[in-house]
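Okay, structure first, notes after.
Numbering (my numbering), first residue to last: 43 to 297.
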């Protein structure tokens, strides 16, 4: 398990003025030099915290490749605040280099031990204390999943195992998709049957009328045709009814 390196926010936001030893100019340093939490390893740059990675706000500025400063199989980083780079000086991390003078607002402690805020002008950059960490690849790699191996369970992903059932339910046989004729087709069939029925009914009525007309027409012709049998029978009947007959017992006297 990696070691957590907690740092106070002031370790990355406050700029201090600090003199190292009795010689040399004072240095502008990021982080309170009097706060032990801002200086892991008690300011000893050779102190390596392991297993650990750079704390929040810090990045791996350089790798320590000297075999005398690391164990075989280890990765060793010198962590500096973001945007700082490694430096071989006292503080190990620096931003900016010698150049035009700059003015910084810094926090300092006077001779009476009172914390004060002052301004300083310097042509040097800003320093920071590095934090050295070391780790192995096994310290940051995710642990292997051994549950399935120990129990002999199937390691096939669930989505693969579920694929056949998804495929079988998504393909529907053609006959099960048949839902009969559509409403438009039924309407077309109904209209066709209706029209055919009307045509058949009209044909039957026409044939009946035609037969009735044929059965009455010859009678009318026979009754009106001169010299026909019907006309002769009618005349005979009329003659028998209008023929004068002699009245018996009554003499007829001529005039």
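Ideal Cβ positions, reconstructed from N, Cα and C, are used throughout, including at glycine.
Where residue i falls: helix, strand or coil (DSSP)
i           : result
residue 192 : At residue 192, the pLDDT of 45 sits below 50, so the modelled position is not reliable and the matter cannot be decided from this model.
residue 212 : The predicted model places residue 212 with a pLDDT of 40, which falls under 50 and marks its position as unreliable, so this point remains unresolved.
residue 78  : helix
residue 253 : helix
residue 95  : coil
residue 156 : coil
residue 69  : strand
residue 50  : coil
residue 259 : Note that residue 259 scores 48 on pLDDT, short of 50, meaning its location in the model is unreliable; the coordinates nonetheless yield the value given after this. Of the three classes helix, strand and coil, the one that applies to residue 259 here is helix, per DSSP.
First through last residue of the alpha helix (DSSP H) which encompasses residue i
i           : result
residue 181 : 179 to 182
Option in the options with minimal Cα separation from residue i
i           : options            : result
residue 299 : 102, 90, 103, 141  : Nothing can be reported for residue 299, as the shown portion of the chain is limited to 43 through 297.
residue 155 : 47, 244, 176, 76   : 76
residue 82  : 171, 180, 179, 178 : 171
residue 103 : 113, 60, 152, 122  : 122
residue 94  : 239, 173, 153      : 173
Span of the beta strand (DSSP E) around residue i
i           : result
residue 60  : 57 to 60
residue 104 : 100 to 105
residue 113 : Looking at the DSSP string, residue 113 is not in any beta strand (DSSP E), and its letter there is neither H nor E.
residue 139 : Segment: none, residue 139 is in no beta strand (DSSP E) and carries neither H nor E.
residue 88  : No beta strand (DSSP E) holds residue 88; DSSP gives it neither H nor E.
residue 150 : 144 to 151
residue 169 : 168 to 171
Within-8 Å CB hit, residue i to chain B
i           : result
residue 241 : Of the protein chains in this structure there is only one, and it is not chain B.
Proximity of residue i and residue j at Cβ, strictly below 8 Å
i           : j           : result
residue 178 : residue 116 : yes
residue 119 : residue 175 : yes
residue 48  : residue 79  : yes
Contact the stretch 47 to 57 vs the stretch 142 to 152: 3+ CB pairs below 8 Å:
Result yes; three or more Cβ-Cβ pairs closer than 8 Å.
Just checking, does the stretch 160 to 168 make contact with the stretch 88 to 101 on the three C-beta pairs under 8 Å criterion?
Between the stretch 160 to 168 and the stretch 88 to 101, the count of C-beta pairs closer than 8 Å stays below three; the two stretches do not touch.
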